[in-house]
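These notes are about the structure you will find just below.
There are 2 protein chains.
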Amino acid sequence: MAVPRPGDRPVPRGAMGLPVVGMVGGGQLSRMTHQAAIALGLSLRVLADSDHDSAALVASGVTLGEHTSLADLRALAQQCEVVTFDHEHVPGPLIEALEQEGFDVQPGSVALRYAQDKLVMRERLAALAVPVPAFTPVASRADVEGFARHVGWPLVLKAATGGYDGKGVWVVRDVAEADEVLASGIRLLAEALVPLRRELAAVVARSPFGQAAAWPVVETVQSDGICVEVIAPAPGLSEELALSAQSLALRLADELGVVGVLAVELFETDEGLLVNELAMRPHNSGHWTIEGARTSQFEQHLRAVLDYPLGATTLTAPWVVMANVLGGDRPDGLDERLHHVFARDPALKVHLYGKQIRPGRKIGHVTVLGDDLPALRARAAAAADYLRSGTWPQ
Amino acid sequence: MAVPRPGDRPVPRGAMGLPVVGMVGGGQLSRMTHQAAIALGLSLRVLADSDHDSAALVASGVTLGEHTSLADLRALAQQCEVVTFDHEHVPGPLIEALEQEGFDVQPGSVALRYAQDKLVMRERLAALAVPVPAFTPVASRADVEGFARHVGWPLVLKAATGGYDGKGVWVVRDVAEADEVLASGIRLLAEALVPLRRELAAVVARSPFGQAAAWPVVETVQSDGICVEVIAPAPGLSEELALSAQSLALRLADELGVVGVLAVELFETDEGLLVNELAMRPHNSGHWTIEGARTSQFEQHLRAVLDYPLGATTLTAPWVVMANVLGGDRPDGLDERLHHVFARDPALKVHLYGKQIRPGRKIGHVTVLGDDLPALRARAAAAADYLRSGTWPQ
Chain V
1 MAVPRPGDRP
11 VPRGAMGLPV
21 VGMVGGGQLS
31 RMTHQAAIAL
41 GLSLRVLADS
51 DHDSAALVAS
61 GVTLGEHTSL
71 ADLRALAQQC
81 EVVTFDHEHV
91 PGPLIEALEQ
101 EGFDVQPGSV
111 ALRYAQDKLV
121 MRERLAALAV
131 PVPAFTPVAS
141 RADVEGFARH
151 VGWPLVLKAA
161 TGGYDGKGVW
171 VVRDVAEADE
181 VLASGIRLLA
191 EALVPLRREL
201 AAVVARSPFG
211 QAAAWPVVET
221 VQSDGICVEV
231 IAPAPGLSEE
241 LALSAQSLAL
251 RLADELGVVG
261 VLAVELFETD
271 EGLLVNELAM
281 RPHNSGHWTI
291 EGARTSQFEQ
301 HLRAVLDYPL
311 GATTLTAPWV
321 VMANVLGGDR
331 PDGLDERLHH
341 VFARDPALKV
351 HLYGKQIRPG
361 RKIGHVTVLG
371 DDLPALRARA
381 AAAADYLRSG
391 TWPQ
Chain H
1 MAVPRPGDRP
11 VPRGAMGLPV
21 VGMVGGGQLS
31 RMTHQAAIAL
41 GLSLRVLADS
51 DHDSAALVAS
61 GVTLGEHTSL
71 ADLRALAQQC
81 EVVTFDHEHV
91 PGPLIEALEQ
101 EGFDVQPGSV
111 ALRYAQDKLV
121 MRERLAALAV
131 PVPAFTPVAS
141 RADVEGFARH
151 VGWPLVLKAA
161 TGGYDGKGVW
171 VVRDVAEADE
181 VLASGIRLLA
191 EALVPLRREL
201 AAVVARSPFG
211 QAAAWPVVET
221 VQSDGICVEV
231 IAPAPGLSEE
241 LALSAQSLAL
251 RLADELGVVG
261 VLAVELFETD
271 EGLLVNELAM
281 RPHNSGHWTI
291 EGARTSQFEQ
301 HLRAVLDYPL
311 GATTLTAPWV
321 VMANVLGGDR
331 PDGLDERLHH
341 VFARDPALKV
351 HLYGKQIRPG
361 RKIGHVTVLG
371 DDLPALRARA
381 AAAADYLRSG
391 TWPQ
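Line order of the protein sequences matches chains V and H.
FYI, in the numbering used here the residues of the first sequence are 1 to 394.
FYI, in the numbering used here the residues of the second sequence are 1 to 394.
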């Protein structure tokens, strides 16, 4: 049920008397959340930068504006029962200002800070005794050299804020390389380069009421810092580690007061699990849930931020594989390639985001489900490659 | 691939160079087709009567206009690669006019006539030796009495055009009741009231290329002429009858030149299958495919009208049950009821159409999937009932 908001502002309702949700950002996460909202009869209002944004192309309730403008954020919030986000780039003080004005913002500013600032997140997680890679804030060559004496070279430098898809992350082999990054002047932390077996993600959702739900832990495969493949459930993961990853994510959701979807990116190492990143929104590691889980992360995010009871997270097939479709060198010809992948794999599920095709940009994803994991991985990879390049793997 | 259109009219393309599809009618079928279009990266343009129409509430590309206006239809068609329909009410001559102007309309006017006019359909099916209930056109009491001498009372009178959801169908017990219907002056046919075991539906899709795909045959349960429940696959249906129903639907799609989804409503009788109705669009008997089949009828309809290769129609669970949610006496309180059904059944999939709630109106549907058919039927019925009435069955 709707929590009454401070003051006498009436809570706007949409069609059928059902809630209106505002989402800041018009990317593919908003686009896919809109699909989920349509099913539930909810109304989604999107604050987008441009009417060419992924979600703006397909949603009726689009407001053009800046996510760095309090006036624009407020104009969105005034139409909505709750405001949520498709990215982490809304400045914390603006979110606090909305909250102080009595708007319901989920996740709230207190939680969201841990998804916006990697240094604050690392410090909080360390304080909670959650295993993270060794880290330290660095502002100078001396800081980096001092840290390198403990963890050795190469090490990782990360922008404390604003990074995504491998942007804002640099593996540096020596002081000279570190100097180049330091010269950018951005706020940095240094991290040990952890020898890892693979990367995992534990995606959960939590409602204001405190109900929580976890999807099976997945393996995420990265290439050049970009997620290219997600396998659900993570193959060969012991039940013990899987439960430990889910418990950790659920505990973090609770400790940090997250409302909505929380994706915890993890390193699996010989010494156990380390937390790499947090995202407090639907996440690339959860796109497989659209077909692969009884409740998708997009539906669940809506249910969570509106404090509806959460949906079942059970798998709909023994294995689910998602592969991201990246833009290739040829922006044209996608329609023809789509014909070919449909002809080759009638059970493939294709998701395209309406985005301008640029090399390396995530422009969509494909999902396959079934019993034979190696075959599923090959099918997903072949389709994603073909949609990018127009050539089938040999 | 796009078929070049006559004349020099450029074929408009949407985001990513992918096709733009026009859909006439802003009802729930357009709404759910829009969800499917979003996934595929396609752009849907909807011609809606009002911005409160089910699809108009959620789609960006909405044109307000009349489906009986050639100018409005043309304005839609000019934006689109292909035009299709969410209902059968566009006058045939207008569809022919669009075709003559070189627009690609699917299904075309020749096929669509059989979904628009029950008398024309019955005559054509009879000529194809497809079993249908005994029928005759009737315009007078004498006609009805003559027919009654062959088939007995009660018999069925049907409006040749324009009926839906039990509207335009009258079971009449005697001449006096027939007179009342005849007095309306609408074009009628009379049909034998067939003793039936149950109703089935065979839903298939066909592309211009001639590719066709069939979903498993389903049982449809009606109450007061409105479909209330669909069970996939039809329980206890022999493989022979199932194949015969699918073959019949595929044959009709081919013979009638249907492009897109064709739903064939069937009576199962002691003497075999009889065709009741045809619909050439996504149909209520196919809503279960959203979660219950690898390719939904909405995605398939888009793929078919655009001449993309069709998708796999395999079930995603042993049993799938859909129940329609009808409007109840209380238009308010749906949000609270939604909380309760989510809490009671976390695996239930809810679809609400954004429509004004009126008693008996289809305002949504719910779907459940699994192994235990009696339990699934009970869950679907309970949820649909509760969303309507706010009370759980005892």
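Here a beta-carbon is modelled for each residue, glycine too, at the ideal position from N, C-alpha and C.
Residue i - DSSP class collapsed to helix/strand/coil
i                      : result
residue 1 of chain V   : In this prediction, residue 1 of chain V has a pLDDT of 37, which is less than 50 and means its spatial position is unreliable; what the coordinates show is noted afterwards. It is coil, neither helix nor strand.
residue 231 of chain V : strand
residue 280 of chain V : coil
residue 188 of chain H : strand
residue 52 of chain V  : coil
residue 43 of chain H  : strand
residue 269 of chain V : strand
residue 357 of chain V : coil
residue 67 of chain H  : coil
residue 58 of chain V  : coil
residue 13 of chain V  : strand
residue 258 of chain V : coil
residue 292 of chain V : helix
residue 287 of chain V : coil
residue 274 of chain V : strand
residue 160 of chain V : coil
residue 155 of chain H : strand
Whole-angstrom distance between residue j and residue i, CA atom to CA atom
i                      : j                      : result
residue 320 of chain V : residue 366 of chain V : 11 Å
residue 267 of chain H : residue 191 of chain H : 13 Å
residue 241 of chain V : residue 215 of chain V : 14 Å
residue 28 of chain H  : residue 361 of chain V : 34 Å
residue 139 of chain H : residue 67 of chain H  : 28 Å
residue 110 of chain V : residue 256 of chain V : 8 Å
residue 298 of chain H : residue 305 of chain H : 11 Å
residue 94 of chain H  : residue 72 of chain H  : 10 Å
residue 275 of chain H : residue 105 of chain H : 26 Å
residue 395 of chain H : residue 80 of chain H  : Outside the displayed range of chain H (1 to 394) lies residue 395 of chain H, so it cannot be described from this structure.
residue 348 of chain H : residue 147 of chain V : 52 Å
residue 246 of chain H : residue 354 of chain V : 36 Å
residue 389 of chain V : residue 164 of chain H : 47 Å
residue 346 of chain H : residue 210 of chain V : 16 Å
residue 1 of chain H   : residue 129 of chain H : Model confidence at residue 1 of chain H stands at a pLDDT of 38, short of 50, so the residue's coordinates are unreliable; what they give is reported in the following sentence. One C-alpha to the other measures close to 35 Å.
residue 248 of chain V : residue 323 of chain V : 26 Å
Close Cβ partners of residue i (< 6 Å) along its chain, the five nearest in sequence each way excluded
i                      : result
residue 357 of chain V : 327, 331 and 363
residue 220 of chain H : 199, 201, 227, 230 and 285
residue 208 of chain H : 259 and 307
residue 30 of chain V  : 23, 46, 55 and 86
residue 88 of chain H  : 115 and 116
residue 351 of chain H : 364 and 365
Nonlocal neighbours in the same chain, by C-beta distance under 7 Å from residue i, ignoring five residues either side
i                      : result
residue 44 of chain V  : 21, 23, 33, 34, 37, 59 and 61
residue 224 of chain V : 166
residue 296 of chain H : 36, 289 and 290
residue 4 of chain V   : Since pLDDT at residue 4 of chain V reaches only 45, below the 50 mark, its modelled position is unreliable, and no value is offered.
Close beta carbons around residue i, own chain, < 8 Å, minus the five adjacent residues each side
i                      : result
residue 85 of chain H  : 23, 24, 25, 107, 112, 280 and 281
residue 143 of chain H : 136, 137 and 190
residue 375 of chain V : none
Residue i: CB within 7 Å of a non-hydrogen atom of the ligand GDP
i                      : result
residue 371 of chain V : This structure lacks the ligand GDP; in fact it carries no ligand of any kind.
Could you pull out every unbroken beta strand (DSSP E) segment of at least 3 residues lying fully inside the region 73–150 of chain V, listed in chain order? You should have 82–85 and 135–138.
For the region 315–326 of chain H, list every residue whose C-beta sits within 7 Å of some C-beta in chain V, in sequence order. Those would be 316, in chain order.
Would you list, in chain order, the members of the region 196–208 of chain H that have their beta-carbon closer than 7 Å to a beta-carbon of chain V? Flagged: no residues at all.
Within the region 166–223 of chain V, ranges of the beta strand (DSSP E) (whole runs, at least 3 residues): Whole beta strand (DSSP E) segments, 3+ residues: 169–172, 188–192, 198–206, 212–214 and 218–223.
Interface residues of the region 357–381 of chain V facing chain H [CB-CB below 9 Å]: So the list reads 357, 363, 364 and 369, given in the order they occur along the chain.
Residues of the region 56–79 of chain H with Cβ closer than 9 Å to any Cβ of chain V, in chain order: Cβ contacts with chain V come from 56, 57, 58, 59, 60, 61 and 62.
Determine which residues of the region 16–35 of chain H have a Cβ less than 9 Å from any Cβ of chain V, and write them out in chain order. For the region 16–35 of chain H, the residues whose beta carbon sits under 9 Å from a beta carbon of chain V are, in order, 16, 17, 18, 19, 31, 32, 34 and 35.
Please go through the region 312–375 of chain V and give each complete beta strand (DSSP E) segment of 3 or more residues, from N-terminal end onward. Listed in chain order, the complete beta strand (DSSP E) runs (minimum 3 residues) inside the region 312–375 of chain V are 319–326, 349–352 and 362–370.
Anything in the region 339–351 of chain V with a Cβ closer than 7 Å to a Cβ of chain H? List those residues in chain order, please. For the region 339–351 of chain V, which is checked against every Cβ of chain H, the residues closer than 7 Å are 339, 342, 343, 346, 347, 350 and 351.
Of the residues that make up the region 295–311 of chain H, which ones have a beta carbon closer than 8 Å to any beta carbon in chain V? Within the region 295–311 of chain H, the qualifying residues are 295, 303, 308, 309, 310 and 311.
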